[in-house]
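The numbering of the sequence shown is my numbering, which starts it at 13 and goes up by one. Contents: one structure, followed by commentary.
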Amino acid sequence: MFEVVIGLEVHAQLNTKTKLFCSCATSFGAKPNTNVCPTCLGLPGALPVINKEAVQKAIQLGTAIKSKINQTSVFNRKNYFYPDLPSGYQISQFEVPVVDLGELVIDFPDGRSKTIGITIAHLENDAGKNIHENNYSKVDLNRAGTPLLEIVSEPDMRSSEEAILYLKKLHSIVRYLEISDANMQEGSFRCDVNISIRPKGETKLYTRCEIKNMNSFKFIEKAIRFEVARHIEAWEDGVHATEIVQETRLYDEATGETRSMRGKEDAAEYRYFPDPDLLPLIISDEMLEEYSKIPELPDEKKARYVKDYGMKEYDASLLTSSLDMARFFEEMMTSNIKAKNATTWLSVELKARLKEGVTLTNSPVNATKLAQLVQNIENGTISGKAAKEVLDYLMDNDVEIEEVIDTLGLKQVSDDGAILKIIDEILAANTNKVEEYKSGKEKLFGFFVGQTMKASKGSANPAKVNELLKQRLA
Ligand SMILES: [Zn+2]
């Protein structure tokens, strides 16, 4: 039997207004090579200046993962050549990063949890982008110099499930802190996966392979499974020592396989040395105090929901799984509706009606409107069933709820007088059945309810109908 050993390196692009060492804008999707200057183009003599906002965001993450913040940290040059790296080196942190030793707790669906160690998180600048088209290769340096926070975990994960839980948790923390868009499709939250296996019971780490630049939870899971199977096969065939070499591999989405890209460099090959253009980064006590202020995180929010709203753990997890969802819920709750109703109408009804590509932030029905709809159910104006029709209508039409209820004729009749009038007609037309009911055939109650609802064309409030029928037949 084998044990899987996984460590993850996540690159989160920080959402600062400007780049890490110059004042160029970081906006995504600008015309190629327009957000550049002598510094991020690596021109001789241009000097880097550290971006305070990036430092603040790094410290916020460090606080969230309970790290030690190094008040003095050092920037190093990591030397390598690639066309998208005009300076010939990346400015990164190596021995003394700003965020040192942290942890992150992952929760399994069955209620268990596990703590994953985080080795470091350090600031570094991103490279540009090579674009290969037809017979040409082009270089766009807009991204060159964009701040990244590289978050390196300990090799503490033992399955693809644990790796995905870790990534999702980290992703949601980064979003809660609002330090990164963490948009995986645009590559602002991407991950390198380090994998090795060992016979169960051993503590030694064997040669690992790194699968580079993954930006989809689904593909990360598939890539890990493929890679683990490849390692196990090599072990079982007795050829792991020669077959499994330290290398960087790429995952091919089309075939579902990983393949060798290049031999993995050792740190020594990058010839790290402190960047002579940058002084050590010193964070004063005052800065540290100010920068470590962070908003409520997913776990705390979840605990608060359970406590304040008497909510089930599962519902609280669902609502706090993304900041957008939690915000939407909290906004709904300002209308004084029942938490249970808000949860269902948000997480089940609205979510199911959002079209592909539409999120809660640009949902055609906002939190205030959805809360109004719930209010209409709670005060008996419409039935739950009618509310679904109203919501369907609202998804395509920007109109007031009252207007929809009128247009579709869904107003529920809760007025005692109006309902009693119908009940009396039904009872008068069925005197035989009333006699049978009174002589003990209690099943007939359902018949009277059905007839009343039918006569009201479904508009009578069923709870009211039940209550008033009981009174009349007593
Ligand atoms: Zn620049």
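Idealized CB from N, CA, C, for every residue including glycine.
**Asked** Is DSSP giving Ala133 helix, strand or coil here?
**Response** Looking at Ala133 - three-state DSSP - the assignment turns out to be strand.
**Asked** Cα-Cα, which of Thr158, Leu372, His183, Val416 is closest to Glu343?
**Response** Between Glu343 and the set Thr158, Leu372, His183, Val416, the nearest pair of CA atoms involves Leu372.
**Request:** May I ask you to list the residues that DSSP assigns as paired with Gln105?
**Result:** Per DSSP, the beta-bridge partners of Gln105 are Phe87.
**Item:** Three CB pairs or more closer than 8 Å across the segment 171 to 183 and the segment 33 to 44
**Value:** Not touching, per the Cβ criterion.
**Message:** Restricting to Cα atoms, I'd like to know which of Lys90, Ser471, Phe285, Val151 is closest to Ala398.
**Reply:** Of Lys90, Ser471, Phe285, Val151, the smallest CA-CA separation from Ala398 is found for Ser471.
**Message:** For Lys313 and Ser334, I'd like the C-alpha separation in whole angstroms.
**Reply:** The alpha-carbon atoms of Lys313 and Ser334 are separated by roughly 11 Å.
**Asked** Asn225 lies in the alpha helix (DSSP H); which residues open and close that run?
**Response** According to the DSSP assignment, Asn225 belongs to no alpha helix (DSSP H) but to the beta strand (DSSP E) extending over 221 to 226.
**Request:** Compare the beta carbon distance of Ile256 and Thr219 with 7 Å and say whether it is the shorter of the two.
**Result:** Yes, these two residues count as a Cβ contact at 7 Å.
**Asked** Just how far apart, CA to CA, sit Asp428 and Glu479?
**Response** Here the alpha carbons of Glu479 and Asp428 stand approximately 10 Å from one another.
**Message:** Please identify the residue among Val416, Lys64, Gly392, Asp327 whose C-alpha is closest to the C-alpha of Glu401.
**Reply:** The shortest Cα separation from Glu401 among Val416, Lys64, Gly392, Asp327 belongs to Val416.
**Message:** Give me the residue from Thr51, Pro95, Gln83 with the minimum Cα distance to Ile103.
**Reply:** Ranked by Cα distance from Ile103, the options Thr51, Pro95, Gln83 are led by Thr51.
**Message:** For Leu262, report the span of its beta strand (DSSP E) as first-last.
**Reply:** DSSP places Leu262 in the uninterrupted beta strand (DSSP E) bounded by 259 to 264.
**Message:** What would DSSP say about Thr38, mapped onto helix, strand or coil?
**Reply:** Shown here, Thr38 sits in coil according to DSSP, grouped into three states, outside any helix or strand.
**Prompt:** Quick one: is the Cβ of Thr51 within less than 6 Å of any heavy atom of ligand 1?
**Reply:** Yes, the Cβ of Thr51 comes within 6 Å of a heavy atom of ligand 1.
**First and last residue of the uninterrupted beta strand (DSSP E) at Arg274** = Arg274: member of the beta strand (DSSP E) spanning 269 to 275, first to last residue.
**Prompt:** Hey, is Cys203 close to ligand 1, as in C-beta under 6 Å from one of its heavy atoms?
**Reply:** Flag unset: Cβ of Cys203 not near ligand 1.
**Cβ neighbours of Leu113 in the same chain (closer than 8 Å, five flanking residues each side left out)** = If we look at Leu113 and ignore the five residues flanking it on each side, its Cβ neighbours are Ser79, Lys80, Gly129, Ile130, Thr131, Ile132.
**Prompt:** With DSSP run on the structure shown, which of helix, strand or coil describes Tyr284?
**Reply:** Of the three classes helix, strand and coil, the one that applies to Tyr284 here is coil, per DSSP.
**Item:** Whole-number beta carbon distance between Leu161 and Ala76, since they are thought to touch under 8 Å
**Value:** 12 Å between Cβ atoms; not a contact.
**Top-ranked residue by Cα proximity to Glu136, from Asn63, Asn378, Arg237, Leu422** = Comparing alpha-carbon positions, the option among Asn63, Asn378, Arg237, Leu422 lying closest to Glu136 turns out to be Asn63.
**Prompt:** In its own chain, which residues sit with a C-beta less than 6 Å from the C-beta of Asn27, not counting the 5 before and 5 after it?
**Reply:** Contacts found: Ser192, Asp193.
**Asked** Gly470 lies in the alpha helix (DSSP H); which residues open and close that run?
**Response** In the DSSP assignment, Gly470 falls outside any alpha helix (DSSP H) and carries neither an H nor an E.
**Prompt:** Hey, out of Lys450, Asp436, Ser426, whose CA is closest to Lys476's CA?
**Reply:** Selected option, being the one with the closest Cα: Ser426.
**Request:** Could you give the DSSP three-state label for Leu290: helix, strand or coil?
**Result:** Looking at Leu290 - three-state DSSP - the assignment turns out to be coil, as it is neither helix nor strand.
**Asked** Which value, in whole angstroms, describes the spacing of the CA atoms of Thr355 and Arg339?
**Response** Counting only the Cα atoms, Arg339 lies some 12 Å from Thr355.
**Asked** With Thr254 and Met273 assumed to form a contact (beta carbons below 8 Å), what rounded beta-carbon distance in angstroms separates them?
**Response** No, Thr254 and Met273 are not in contact; Cβ-Cβ is about 19 Å, not under 8 Å.
**Request:** Please look up how many angstroms separate the CB atoms of Asp204 and Ile223, rounded, as I've assumed it's under 8 Å.
**Result:** Their Cβ separation, rounded to whole angstroms, is 7 Å, which keeps Asp204 and Ile223 in contact under 8 Å.
**Message:** Looking at the strands, I want to know which residues DSSP matches up with Val22.
**Reply:** Residue pairing by DSSP puts Val22 in a beta bridge opposite Ile163, Cys203.
**Asked** By a C-beta neighbour count over all protein chains shown, 10 Å radius and 16 as the cutoff for buried, is Asn409 buried or exposed?
**Response** Its Cβ having fewer than 16 others within 10 Å, Asn409 is exposed.
**Request:** Can you give me the start and stop residues for the beta strand (DSSP E) that Glu312 sits inside?
**Result:** Counting along the chain, Glu312 falls outside any beta strand (DSSP E), though it belongs to the alpha helix (DSSP H) covering 310 to 321.
**Prompt:** If we call anything under 7 Å between Cβ atoms a contact, is Lys181 one with Ile118?
**Reply:** Their beta carbons are under 7 Å apart, which means Lys181 touches Ile118 by this criterion.
**Prompt:** Where does Lys78 fall in DSSP's three states?
**Reply:** In the structure shown, Lys78 sits in coil (DSSP, three-state: anything other than H, G, I, E or B).
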